[in-house]
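Below: one structure, written as structure tokens.
2 protein chains.
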Amino acid sequence: MTATRPGRKAVTVTDIAKACGVSRATVSLVLRGSPLVHVDTRARVEAELKRQRYVYNRAAANLRRQTSSSVALVINDLSNPFFAEFAAGVDEALGEGRYVTLLGSTAESPERQQAVLASLVEHAPAGIILSPAEHSDGAALQRLLGARTPVLVFNRELPGHDWDFLALDNQRGARLATEHLLALGHSRIAFFGGHADSSSCRQRREGYLEALRDAGIEPEPGWLVESSPTRVDAAARTAELFERAPDTTAAVCYNDNVAFGLMLGLRARGVRPGAEFAVTGFDDISEAALSTPPLTTLAAQPRACGRMAAEMLLERVRDPDAPPRRVIAPVRLMVRGSCGEQRP
Amino acid sequence: MTATRPGRKAVTVTDIAKACGVSRATVSLVLRGSPLVHVDTRARVEAELKRQRYVYNRAAANLRRQTSSSVALVINDLSNPFFAEFAAGVDEALGEGRYVTLLGSTAESPERQQAVLASLVEHAPAGIILSPAEHSDGAALQRLLGARTPVLVFNRELPGHDWDFLALDNQRGARLATEHLLALGHSRIAFFGGHADSSSCRQRREGYLEALRDAGIEPEPGWLVESSPTRVDAAARTAELFERAPDTTAAVCYNDNVAFGLMLGLRARGVRPGAEFAVTGFDDISEAALSTPPLTTLAAQPRACGRMAAEMLLERVRDPDAPPRRVIAPVRLMVRGSCGEQRP
DNA sequence: CTGAAAGCGCTTACAG
DNA sequence: CTGAAAGCGCTTACAG
């Protein structure tokens with residue numbers, strides 16, 4: 001342990017009690033707002049608390065009461081604005097519930113995730129909100145967290161757990177994007193980017209395929225191109241798309257980063273995104289509205305998701321035995337310039 | 345308090361001691377890795393710890409040892425990628441030091457900031473890293489935090505405190521940007537955006553003025569235009585710039601968001617940013633490299649700043665009586681297309 | 001309405 | 001090398 005001494009000796013209930021000539025119990029009752037204590041006594045104690053700048057030691061109180069006033073928030077990628085907004089929403093809602101947020105970030109590493117969680121669990125959080133790293137080991141997490149603490153899983157499905165789960169409506173989102181392209185007259189539409197083994201990519205592909213089938217279009221294998229969910233890799237895979245499916249006129253992209261990468265790749269080949277090739281994204285990151293052309297995408301409202309996650313977790317904390325919940329957060333199609341005009 | 349019961353009764357040192365037929369003291373010594381305990385005893389105890397899935401209760405240990413293993417991180421705007429990256433860096437470095445991060449976000453509200461800090465302080469963090477909200481009340485913070493806890497202030501100067509301070513080299517950054525524009529042949533250069541009463545804006549203006557003076561250019565009052573540090577307001581202020589200083593050919597912007605706002609404003613007037621009017625930013629947010637034209641700006645390396653902040657704070661925790669430190673983090677000019685070619 | 005006593009889960013001198 | 005005892009700062013029955 002590298003822990004260290006906090007500031008000079010803190011004022012405790014004992015100090016206050018002594019100064020007021022009452023017992024520590026009475027001070028405690030004042031602190032907790034009990035109606036039992038006489039108004040005069042209360043006033044005296046409160047004045048003394050203020051005078052001595054007493055700071056409540058919540059850790060001690062939690063120990064004695066066998067309670068917790070913290071929630072752990074473990075985020076796979078805090079540098080992604082989507083998750084940063086999510087974290088802001090979680091913290092906001094937890095704060096309103098008088099809980100404090102214990103932050104952990106894993107940088108998409110399952111090993112770090114185990115280490116971070118092992119450390120956070122020692123601080124006895126009332127619950128854990130987990131946005132899992134890619135390729136998380138569900139069984140290892142189960143073993144580590146056991147039934148010890150309520151857990152809410154966000155965004156990425158974890159196999160075989162019975163924890164609460166909150167995710168975006170990936171399927172419907174991709175379906176909306178695809179239908180938009182179909183309505184504009186496109187018929188040869190690729191699904192570009194993402195790792196096919198991730199649950200969110202699978203679901204988005206599902207929505208895309210659904211829309212195509214409903215339109216009576218049989219998707220060709222060449223229309224499905226994988227990439228890492230980054231700009232750089234997406235740009236590099238543009239060549240693969242045009243080799244395998246040279247006649248596509250539009251792409252539903254796994255997310256906004258991928259869409260921007262594809263747009264870079266298109267330009268590099270002399271193809272103007274929007275005008276000559278239609279592109280949609282997913283997430284509505286802040287660049288989306290600003291880029292040229294602005295990106296048609298799906299708005300996920302990450303802050304609202306964060307608030308929702310916090311609320312779901314706190315409900316679970318209050319009622320540990322309720323059946324597990326699965327909530328799908330709605331997404332909204334933001335129509336912008338990256339899909340160009342109606343096709344002839 | 346809305347705190348709640350954690351999971352079913354936890355395994356404690358007493359349980360382990362009983363099961364092994366040793367005292368709680370011995371178990372504690374094993375937990376803390378003391379060399380005093382016999383290897384056989386240690387092995388037995390460790391096996392039992394594993395078997396019963398013992399989880400260390402760090403709050404109890406901290407209480408007894410009068411230590412803390414947490415650091416509070418209070419961020420003015422977590423939805424800004426710059427601060428999100430900063431937070432990720434802080435958390436990363438704190439984790440390596442075996443500390444846990446208590447997160448608080450204030451959404452730029454000084455009132456929320458007071459409330460958030462009041463709550464975090466009750467969890468007895470070893471120290472506080474504070475990226476202050478705009479218009480923070482330094483005296484109120486001083487009163488709240490007192491000399492109780494080590495504090496490191498990031499990014500925005502707070503008047504009259506003696507806390508450690510870490511900030512970007514705003515002055516040098518703006519100077520570099522201005523010198524770049526001068527070298528390209530511009531001589532009528534505005535400083536656009538930001539609130540003149542914020543310390544970072546003041547410092548950036550200072551660097552800008554310095555560069556102009558060194559070049560023998562007397563800045564005109566009309567070259568200094570204020571705005572909120574947002575795209576929307578910056579776009580709206582473009583008109584003001586052209587009214588007050590119609591003949592400027594370039595602008596050093598307060599930050600990237602402002603620069604993007606100005607670029608929008610320019611386009612709305614039919615002026616092509618980059619080609620017809622040169623623009624620089626500050627922060628190097630991820631859009632900067634991607635926009636058309638890509639934005640010349642100053643890279644601040646927020647993650648590295650976060651790590652630095654964590655390290656400075658932990659040093660302060662170790663040595664509370666060392667003199668206050670002021671550290672200025674270097675910035676790097678990223679030359680991109682938004683300044684166009686050399687002027688004739 | 002107030003106080004004395006016990007206890008949350010841990011650690012640390014101090015004996016032996 | 002191990003155990004008995006005290007104590008960190010709080011709260012909570014239980015008497016009075």
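Here the protein sequences come in this chain order: A and B. One point on numbering: in our numbering, the residue at position 250 of the first sequence is 250, and numbering is uninterrupted. Every position in the second sequence, counted from 1, becomes a number in our numbering once 344 is added. Where is the CB? At the ideal position from N, CA and C, for every residue including glycine.
Residues near residue i in its chain [Cβ-Cβ closer than 6 Å; skip 5 each side]
| i | result |
| --- | --- |
| Glu392/B | Ile360, Ala363, Cys364 |
| Gly681/B | Gly618, Pro637, Pro638 |
| Thr592/B | Arg532, Ala534 |
| Glu501/B | Ser543 |
| Thr348/B | Caution applies to Thr348/B, whose pLDDT of 43 falls short of 50 and renders its modelled position unreliable; the model cannot decide the point. |
| Leu313/A | Gly127, Ile129, Leu152 |
| Thr296/A | Thr280, Val335, Arg336, Ser338, Cys339 |
Where residue i falls, given that 16 or more other Cβ within 10 Å makes a residue buried
| i | result |
| --- | --- |
| Arg172/A | buried |
| Arg143/A | exposed |
| Ala369/B | exposed |
| Val232/A | exposed |
| Arg237/A | buried |
| Leu36/A | exposed |
| Glu343/B | With chain B represented from 345 up to 688, any question about residue 343/B goes unanswered, as that position is not in the structure. |
| Pro573/B | buried |
| Asp321/A | exposed |
| Thr346/B | Model confidence at Thr346/B stands at a pLDDT of 40, short of 50, so the residue's coordinates are unreliable and nothing is read from them. |
| Gly377/B | exposed |
| Gln203/A | buried |
| Leu438/B | buried |
| Val71/A | buried |
| Gly270/A | exposed |
| Ser367/B | exposed |
| Asp600/B | buried |
Reference residue i; option with closest CA among the options
| i | options | result |
| --- | --- | --- |
| Asp628/B | Thr593/B, Ala470/B, Asn424/B | Asn424/B |
| Glu134/A | Arg231/A, Arg143/A, Glu111/A | Glu111/A |
| Arg98/A | Pro503/B, Val444/B, Glu440/B, Ala462/B | Ala462/B |
| Ile345/A | Leu181/A, Arg307/A, Ser69/A, Leu168/A | Given a span of 1 to 344 for chain A in the structure shown, any question on residue 345/A remains unanswerable. |
| Asp508/B | Glu390/B, Arg616/B, Glu659/B, Leu464/B | Glu659/B |
| Gly104/A | Leu209/A, Ile129/A, Glu92/A, Ala299/A | Ile129/A |
| Leu298/A | Leu102/A, Asp169/A, Val45/A, Ser109/A | Asp169/A |
| Asp421/B | Val331/A, Arg326/A, Arg303/A | Arg303/A |
| Tyr208/A | Ala215/A, Glu226/A, Thr178/A | Thr178/A |
| Ala61/A | Arg388/B, Asn601/B, Glu466/B | Glu466/B |
| Ser131/A | Phe86/A, Asp162/A, Glu92/A, Asp91/A | Phe86/A |
Rounded separation between residue i and residue j - CA only
| i | j | result |
| --- | --- | --- |
| Gly351/B | Thr149/A | Low per-residue confidence applies at Gly351/B: pLDDT is 43, beneath 50, and the placement is therefore not dependable enough to give any value. |
| Phe260/A | Leu145/A | 38 Å |
| Val497/B | Gln410/B | 25 Å |
| Ala491/B | Gly504/B | 14 Å |
| Val100/A | Phe242/A | 50 Å |
| Phe626/B | Glu287/A | 16 Å |
| Arg557/B | Arg519/B | 11 Å |
| Thr358/B | Pro324/A | 33 Å |
| Val74/A | Asn155/A | 12 Å |
| Met607/B | Pro246/A | 35 Å |
| Arg670/B | Val225/A | 51 Å |
| Ala428/B | Arg676/B | 20 Å |
| Ala167/A | Lys394/B | 34 Å |
| Ala527/B | Thr106/A | 44 Å |
| Ser571/B | Glu92/A | 28 Å |
| Val258/A | His539/B | 36 Å |
| Ala350/A | Met652/B | Residue 350/A lies beyond the residue range present for chain A, which begins at 1 and ends at 344; the question has no answer from this structure. |
Close beta carbons around residue i, own chain, < 7 Å, minus the five adjacent residues each side
| i | result |
| --- | --- |
| Val661/B | Ala470, Gly471, Pro494 |
| Arg306/B | The structure shown does not extend to residue 306/B, since chain B spans only 345 to 688, so no value can be given for it. |
| Gln458/B | Ala484, Leu488 |
| Ala88/A | Arg303, Gly306 |
Own chain, CB closer than 8 Å to residue i, minus 5 neighbours either side, in chain order
| i | result |
| --- | --- |
| His186/A | Thr249, Ala250, Ala278, Arg343 |
| Ala10/A | Val55, Asn57 |
| Glu452/B | Asn420, Asp421, Ala477, Glu478 |
| Val252/A | Ala174, Ala177, Thr178, Leu181, Ile189, Ala190, Phe191, Phe192, Arg204, Tyr208, Thr280 |
Entirely enclosed alpha helix (DSSP H) segments - the stretch 53–128 of chain A, minimum 4 residues: 58–65, 81–96, 110–121
Ignoring anything shorter than 3 residues, give me the beta strand (DSSP E) runs that lie fully in the stretch 191–273 of chain A, in order along the chain. 250–253
Which parts of the stretch 631–656 of chain B are runs of the beta strand (DSSP E), unbroken and 3 residues or longer, counting only runs that do not cross its ends? 641–643
Jot down the residue ranges of each uninterrupted beta strand (DSSP E) in the stretch 469–532 of chain B, minimum 3 residues, whole runs only, in chain order. 471–474, 495–498, 508–512
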